[in-house]
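Undergrad:
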Amino acid sequence: MAKLKPEDLNKIVERMRHQTLLRDGAGRAKVTVHMGTCGISAGARKIMSTLLASIEKQQISDVILTTSGCAGLCSQEPMMTVELKDQAPVKYVDLDEKKARTIFADHVLEGKIVTEFALGMGSERVS
Amino acid sequence: MPTDTSQIGKTKTYRAQLLICAGTGCVSNRAFKVRDALVEEIKKQDLVEEVQVVATGCQGFCAQGPIIIVQPDGIFYQMLTVDDVHLLIEEHLVKGRPVEKLMYIPSKGKPPIPKLSDIAFFSKQRLIVLKNRGLIDPEKIDEYIARDGYQALAKVLTSMTPEQVIDEIKASGLRGRGGAGFSTGRKWELAREASGNGKYIICNADEGDPGAFMDRSVIESDPHAVLEGMLIGAYAIGSEYGYIYIREEYPLAMKRLHIAIDQAREYGLLGDDILGCGFNFDVSVHRGAGAFICGEETSLIASLEGRTPEPRIRPPFPAQSGLWGKPTNINNVETWTNVPAIINRGSEWFSSIGTESSKGTKVFSVVGKVTNTGLVEVPMGTTLREIVHDIGGGIPGGKRFKAVQTGGPSGGCIPESLLDLPIDYERLAEVGSIMGSGGLIVMDEETCMVDVARYFLDFLRSESCGKCTTCREGIAAMHDIVADICNGQGKPEHIGLLQDLAEAVKDASLCALGGTAPNPVLSTLRYFNDEYEAHIKDKKCPAGVCQALIKYSIDAEKCKGCTLCSKHCPEEAITGKTKEAHIIDEEKCIKCGACRESCKFEAVLVE
Ligand SMILES: Cc1cc2nc3c(=O)[nH]c(=O)nc-3n(C[C@H](O)[C@H](O)[C@H](O)COP(=O)(O)O)c2cc1C
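Residue numbers (numbering that gives the first Met the number 0), protein chains in the order written: chain B, 0 to 126; chain F, 0 to 606.
1. Valine 366 of chain F: which of F/Gly438, F/Arg313 and F/Ile329 sits nearest, CA to CA?
2. Please specify which runs of the alpha helix (DSSP H), each continuous and at least 4 residues long, are wholly inside the region 243-291 of chain F, giving them in chain order.
3. Helix, strand or coil, according to DSSP, for tyrosine 13 of chain F in the structure here?
4. Classify leucine 509 of chain F as helix, strand or coil using the three-state DSSP reduction.
5. By DSSP, does alanine 580 of chain F sit in helix, in strand, or in coil?
6. Expressed to the nearest angstrom, what Euclidean distance is found between the alpha-carbon atoms of histidine 545 of chain F and glutamate 206 of chain F?
7. So, does the CB of glutamate 76 of chain B fall closer than 8 Å to a CB anywhere in chain F?
8. The beta strand (DSSP E) that contains lysine 97 of chain B, what's its start and end?
9. With a threshold of 8 Å on Cβ separation, who are the neighbours of asparagine 343 of chain F within its own chain once the five nearest residues in sequence on each side are excluded?
10. Using the C-alpha atoms, what's the distance from leucine 509 of chain F back to arginine 311 of chain F?
11. Could you tell me whether any Cβ in chain F is nearer than 8 Å to the Cβ of glutamate 123 of chain B?
12. Shortest alpha-carbon distance to aspartate 82 of chain F belongs to which of F/Leu101, F/Arg460 and F/Lys123?
13. Using DSSP's beta-bridge definition, name the partner residues of valine 403 of chain F.
14. Suppose only complete runs of 3+ residues qualify. What are the beta strand (DSSP E) ranges in the region 157-243 of chain F, listed by chain order?
15. Identify whether phenylalanine 363 of chain F lies in helix, strand or coil by the three-state DSSP scheme.
16. Verify the contact flag: isoleucine 329 of chain F, CB atom, against every heavy atom of ligand 1, threshold strictly below 7 Å.
17. Check whether the Cβ atoms of cysteine 564 of chain F and cysteine 588 of chain F lie closer than 8 Å to each other.
18. May I have a chain-ordered list of the alpha helix (DSSP H) segments no shorter than 4 residues that lie completely inside the region 105-134 of chain F?
19. Does the beta carbon of leucine 126 of chain F sit closer than 8 Å to a beta carbon anywhere in chain B?
20. Which bits of chain F does threonine 101 of chain B rub up against, with CB to CB less than 9 Å?
21. List the residues of chain F whose Cβ lies closer than 9 Å to the Cβ of arginine 27 of chain B, in chain order.
22. Can you give the Cα-Cα distance for glutamate 532 of chain F and aspartate 450 of chain F, rounded to whole angstroms?
23. Are the region 19-34 of chain B and the region 64-78 of chain F touching, with three or more C-beta to C-beta distances below 8 Å?
24. Confirm the yes/no value for this check: CB of serine 416 of chain F, any heavy atom of ligand 1, distance under 7 Å.
25. Just to confirm my understanding: we take alanine 15 of chain F, look at its own chain, exclude 5 residues before and 5 after, and list those with CB closer than 8 Å. What are they?
26. Which of the three DSSP states is assigned to serine 67 of chain B in this structure?
27. DSSP state of methionine 477 of chain F, grouped into three classes?
28. If you reduce the DSSP assignment to three classes, tell me which class glutamate 76 of chain B lands in.
29. Are there 16 or more other CB atoms within 10 angstroms of the CB of leucine 459 of chain F, so buried, or fewer, so exposed?
30. Assign serine 122 of chain B to one of two classes, buried (16 or more other C-beta atoms within 10 Å of its C-beta) or exposed (fewer than that).
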């Protein structure tokens, strides 16, 4: 195996960045796929693997992908929530793989909300 | 040869990671079985591409093991068994619903706490030495590098002179974590200034204190941090070879150390021309000879040379004449591990943590009668009360706190009235104890302090190497007197005799084993004199421990006649009819306490 030079250390740091991010639980953006029974039967698992593939293929290192339970809108599953740092979360509904890829490219990476698939801004109030 | 490092250990992207603690404590609670079940279940649920299981080093919360942390959510699960695995994967990782019933519950009736960062045991700690614990797979060098590993080494090799490194460590105020608390920078300077070539450095990982496992955990969870510290020290001192002297009883730590060394060699971080900077250094691992005295530096060096591990008079100090007569610098595992952090973040940062005389943090293994046994790292100056009650969760079973012993077998026992003592080297010495290497044993009201003194004297008596008379004979003599007191044969003049012996052993012993051995006696005489008096004058053991001085009886009012005690009695010393009060035959009773433990009505009395 190759012997390292000082600058190689940073290359390894870069290559591992997504994993480090995951361990620290902090990223520039967080994407949550809702995985209630309803979501799963409507195809949420496929949405998840599509997003994961996008992250891997484009070597995105600052986005965290996670799951959560049913979002309460079973008729409009699959759903996902995109949360950019310091911005209100946006929920997207009635997803398919193509829509998920578009949302990932436009909203998650470029910061432009895809209004045509969005349900609404912000979260329900929890009290 | 072109240096292409882009392919080394290519990383795959996952959406979640299950960090399972694979420290010795959790492993003995079957963590590997749980890990295998997790991997199996992940396959079954078709999550192999999405979720990864990572075995990490000790996370410190040993009382709750096996434990896992699910990232990026930061959810902490505890006391897992193979049976919990299906539920955990399906609920949390498929459906995204964290599983409450597997979470940590701070105390009965309180709601579970999902996040690791909210659990007091963790949130009150400050991690420098253990910063990577539970966050990296200690068997993968890339994971260490990903968290700034070996950056400090690169920094010193490319931009600092050895003298600058020494100045930085001196300015940080770092003091040895192995016991004596000597300034690490000053020690390095002495070794650097010593004349002669072929200097050695040694990492002391002998850790012979009963109940202590700080150094084991550091090596198990972050072995490269120890190596990086040694590399920096070697550069500063001008040494090309080092030894890690590790306790034979630490197989997992040893395995991880070997893996780390192999990987570091492959990356050119050990060996010749390290990082292409022209610096050469390598290490080998030496298995300890298995005695407490081997941890004492001059004995350790003797043992490394293949001689009987016996201490010798200093000076000359190892810095002048150590291994094979060469200038040698020896530091403890935790001391070495602090070094990369100081270089990365600067001496000013480090010296801003802690007290006037003691900088940085200290790792303690908290054991005994405390709810959250485990490994904790706190800033110097944290009070004993915070460690025992806030982080340790107090005394289990509603019992009262009695004392805490710091510093291992030759530390002093500190009473409740001093619980607000901020921990640092000087403050502990003032109250008759020592920092030692960080053992911390909590004792409750059912602990007899005279018996505690007897126990530690017994340990030290058998661990004394016997080379000097005061230590060999003095500790044995103290032991016999204290044992007599426990056996009801104590005489009033024993107290004065013990005091005299203790002073003599302290002053005239060759090494710090004898030098500190009297601490348990002196501190218990100082703070728990009433217990000695009760044993000697009233022939009573107030805590109900010393067998010769106690008597078991049954409270006829409380006894329901359930017969449980008589079933548990190994000597058939308890008689009585069902639903009638039972009686203990004093002649037959061997005072084992089995009846008291089995009684559900607190009807068995001991006095
Ligand atoms: C009986 C005895 C046992 C010791 N055991 C250890 C030990 O297990 N680990 C350790 O680091 N230091 C131990 N020491 C202290 C060492 O002699 C030495 O002071 C220390 O390794 C120096 O490293 P430091 O300056 O980093 O603390 C022991 C000392 C005595 C007297």
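C-beta atoms are modelled at their ideal positions from N, C-alpha and C, and glycine is treated no differently.
TA: Answer, in terms of the structure:
1. One-based indexing of the second sequence puts residue 366 of chain F at position 367. Nearest C-alpha to valine 366 of chain F: F/Gly438.
2. The alpha helix (DSSP H) runs lying completely inside the region 243-291 of chain F and spanning 4 residues or more are 250-265, given in chain order.
3. Translated into the one-based positions of the second sequence, residue 13 of chain F becomes position 14. DSSP places tyrosine 13 of chain F in the coil class of the three-state scheme, outside both helix and strand.
4. The count along the second sequence starts at 1 and reaches residue 509 of chain F at position 510. DSSP places leucine 509 of chain F in coil when its eight states are reduced to three.
5. As a working mapping, residue 580 of chain F is identified with position 581 in the second sequence. Note: alanine 580 of chain F maps to coil in three-state DSSP.
6. Here residue 545 of chain F corresponds to residue number 546 of the second sequence, with the count starting at 1. Here residue 206 of chain F corresponds to residue number 207 of the second sequence, with the count starting at 1. According to the sequence as given, residue 545 of chain F is cysteine; it is not histidine. Going by C-alpha positions, cysteine 545 of chain F is about 30 Å away from glutamate 206 of chain F.
7. Locating residue 76 of chain B in the first sequence gives position 77, where the first residue counts as 1. Not closer than 8 Å to any Cβ of chain F, the Cβ of glutamate 76 of chain B fails to qualify, so no.
8. Locating residue 97 of chain B in the first sequence gives position 98, where the first residue counts as 1. Taken as a continuous stretch (DSSP letters only), lysine 97 of chain B belongs to no beta strand (DSSP E), being part of the alpha helix (DSSP H) at 96-102.
9. Sequence index remark: in the second sequence, residue 343 of chain F carries index 344 (1-based). Counting only residues of its own chain and dropping the five nearest sequence neighbours on each side, asparagine 343 of chain F has a CB closer than 8 Å to the CB of Asp147, Gln150, Ala151 and Lys154.
10. Residue numbering aside, residue 311 of chain F sits at position 312 when the second sequence is read from its first letter. Residue numbering aside, residue 509 of chain F sits at position 510 when the second sequence is read from its first letter. Straight-line Cα distance between these residues: approximately 7 Å.
11. Here residue 123 of chain B refers to the residue found at position 124 when the first sequence is read from its first residue. Its pLDDT being 46, under 50, glutamate 123 of chain B is placed unreliably in this model, and the coordinates cannot settle the point.
12. As a first step, residue 82 of chain F must be located in the second sequence, where it is residue number 83. Here the closest residue by C-alpha is F/Leu101.
13. As a working mapping, residue 403 of chain F is identified with position 404 in the second sequence. Beta-bridge pairing links valine 403 of chain F to F/Ile413 and F/Val441.
14. The qualifying runs are 198-204.
15. Here the question's residue 363 of chain F lines up with position 364 in the second sequence. Phenylalanine 363 of chain F falls in the strand class under three-state DSSP.
16. Here residue 329 of chain F refers to the residue found at position 330 when the second sequence is read from its first residue. Isoleucine 329 of chain F: yes, Cβ under 7 Å from ligand 1.
17. By one-based count along the second sequence, residue 564 of chain F stands at place 565. By one-based count along the second sequence, residue 588 of chain F stands at place 589. The criterion of a C-beta distance shorter than 8 Å is not satisfied by cysteine 564 of chain F and cysteine 588 of chain F.
18. The qualifying runs are 119-122.
19. Within the second sequence, numbered from 1, the residue matching residue 126 of chain F stands at position 127. No, no contact with chain B.
20. As a working note, residue 101 of chain B is residue 102 in the first sequence. Residues of chain F passing the Cβ test: none, with the nearest at roughly 20 Å.
21. By 1-based counting over the first sequence, the position of residue 27 of chain B is 28. Scanning chain F for C-beta atoms nearer than 9 Å to the C-beta of arginine 27 of chain B yields nothing, as the closest lies near 13 Å away.
22. Against the second sequence, residue 532 of chain F aligns to sequence position 533. Against the second sequence, residue 450 of chain F aligns to sequence position 451. If I take the Cα positions, the gap works out to 13 Å.
23. Contact annotation: the region 19-34 of chain B touches the region 64-78 of chain F, with at least three C-beta pairs closer than 8 Å.
24. Looking up residue 416 of chain F in the second sequence gives position 417. Not under cutoff, so the answer is no.
25. Counting from 1 along the second sequence, the entry for residue 15 of chain F is found at position 16. Cβ within range, chain order: Glu49, Val50, Gln51, Val69, Gln70, Pro71, Asp72 and Leu92.
26. Against the first sequence, residue 67 of chain B aligns to sequence position 68. Here serine 67 of chain B sits in strand by DSSP.
27. On the second sequence, residue 477 of chain F is found 478 positions in, with the first residue counted as 1. DSSP, reduced to helix, strand and coil, places methionine 477 of chain F within a helical segment of the structure shown.
28. Here residue 76 of chain B is taken as the residue at index 77 of the first sequence, counted from 1. Reduced to three states, the DSSP call for glutamate 76 of chain B is coil.
29. As a working note, residue 459 of chain F is residue 460 in the second sequence. A buried status is given to leucine 459 of chain F, since no fewer than 16 other beta-carbon atoms sit within 10 Å of its beta-carbon.
30. Numbered from its first residue, the first sequence carries residue 122 of chain B at position 123. Residue placement at serine 122 of chain B is poorly supported in this model, since its pLDDT is 48, which falls under 50; the coordinates are not used for a value here.
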